[in-house]
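These notes concern the structure reproduced below.
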Amino acid sequence: MGKAREPEPAKLFMSLITSEEDLLKRGMKDLVEIFGGIDFVSDVLPFSFTDYYAQEMGNNLFRRFITFSSLISRALLPEVKQRTNTLEEKYSTRAGHRKINIDPGYLCLENVILATTKGYAHRPYLREGIYADLTLIYRNKSYQPLEWTYPDYRQLEVIRLFNQFRKTYLEDLKRRSNRQC
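Basically my numbering = 1-based index in the sequence shown + 869.
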């Protein structure tokens, strides 16, 4: 019989997509107030893999990935998604169109999980209308996409970023372990 135990905390990250640099900065400031310090901000990445957001958010969209200094319990992912949804609403137009898309997730040693409100075969339900989307798995010394992984998360540049995040996460875990001794 296996013994149940809590997994190690995870590294919280977010993908922010918008067409307005100022809005991105304001959104990041709000995220710091909610989730604590940011320890990484990616370069601007063009977001041109889909026109899914174009009608709502316009054209010339770009993305930045951010990670947070504090590790989180994996069980908190639904609350994190609810908080980012509220922040998206704060910056929406009067007609309810988002001006920024904030997709939270976490990474751990074995995988990368996104939070989503849309269920699917590979997205187990968590709670409060939130599902976990298994996006990347760690195998052969790198994160690897799966057949359902979004095209933008399949990009070599994005996978390299997540491998970098994983190295930082390992350092975070070591520091955490040293503090507990």
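Glycine residues also receive a C-beta, built at the ideal position from the N, C-alpha and C atoms.
Can you tell me whether residue 1000 is helix, strand or coil according to DSSP? Position 131 of the sequence shown, counted from the first residue, corresponds to residue 1000. Three-state result, residue 1000: strand.
Hey, residue 1052 and residue 951: beta-carbon distance below 8 Å or not? Outside the shown range of the chain, which is 870 to 1050, sits residue 1052, and nothing can be said about it.
Reducing DSSP to helix, strand and coil, say where residue 913 ends up. Translated into the one-based positions of the sequence shown, residue 913 becomes position 44. Look at residue 913 here: in three-state DSSP terms it is coil, with no helix or strand label.
Alpha helix (DSSP H) runs wholly inside the region 943–1000, at least 4 long, in chain order: List check, alpha helix (DSSP H) in window: 946–959.
The alpha helix (DSSP H) with residue 932 in it runs from where to where? What you label residue 932 is simply residue 63 of the sequence shown in a count that begins at 1. Unbroken run through residue 932 is the beta strand (DSSP E), 931–941; no alpha helix (DSSP H).
Could you give the DSSP three-state label for residue 1018: helix, strand or coil? The count along the sequence shown starts at 1 and reaches residue 1018 at position 149. DSSP places residue 1018 in coil when its eight states are reduced to three.
Could you name the residues of the same chain whose beta carbon sits closer than 8 Å to that of residue 960, not counting the 5 residues immediately before and after it, in chain order? Within the sequence shown, residue 960 is the residue found at index 91, counting from 1. Correct list, in chain order: 892, 895, 896, 967, 968, 969.
By DSSP, does residue 888 sit in helix, in strand, or in coil? As a position in the sequence shown, residue 888 is number 19, starting the count at 1. Coil at residue 888, not helix or strand.
Within 10 angstroms of its Cβ, does residue 1012 collect 16 or more other Cβ (buried), or is it exposed? In the sequence shown, residue 1012 corresponds to position 143, counting from 1. Around the Cβ of residue 1012, a 10 Å sphere holds 16 or more other Cβ atoms; the residue is buried.
Leaving out five residues before and five after residue 928 in sequence, what residues of the same chain have Cβ atoms less than 8 Å from its Cβ? Here residue 928 is taken as the residue at index 59 of the sequence shown, counted from 1. Same-chain partners within the cutoff: 888.
Among the candidates 880, 1044, 1003, whose CA atom is the shortest distance from the CA of residue 990? In the sequence shown, counting from the first residue as 1, residue 990 sits at position 121. Looking from the CA of residue 990, the closest CA among 880, 1044, 1003 belongs to 1003.
Beta-carbon proximity of residue 1007 to residue 980, cut-off 8 Å: Counting from one through the sequence shown, the residue named residue 1007 turns up at place 138. Counting from one through the sequence shown, the residue named residue 980 turns up at place 111. Residue 980 is positioned such that its CB atom lies closer than 8 Å to that of residue 1007.
How would you label residue 962, buried or exposed, when you count the other beta carbons within 10 angstroms and need 16 or more for buried? Start at 1 with the first residue of the sequence shown, and residue 962 comes out as number 93. Under this definition residue 962 is an exposed residue.
Helix, strand or coil: how does DSSP classify residue 1027 here? Position 158 of the sequence shown, counting from 1, holds the residue named residue 1027. DSSP places residue 1027 within a helical segment (H, G or I) once states are collapsed to three.
7 Å Cβ shell around residue 942 - same chain, five flanking residues per side excluded: Against the sequence shown, residue 942 aligns to sequence position 73. Only 878 meet the Cβ criterion.
When you compare only the Cα positions, how much space is there between residue 984 and residue 915? Looking up residue 984 in the sequence shown gives position 115. Looking up residue 915 in the sequence shown gives position 46. It is roughly 22 Å from the alpha-carbon of residue 984 to the alpha-carbon of residue 915.
Beta-carbon gap between residue 907 and residue 936 smaller than 8 Å: Position 38 of the sequence shown, counted from the first residue, corresponds to residue 907. Position 67 of the sequence shown, counted from the first residue, corresponds to residue 936. Cβ distance < 8 Å, so residue 907 and residue 936 count as in contact.
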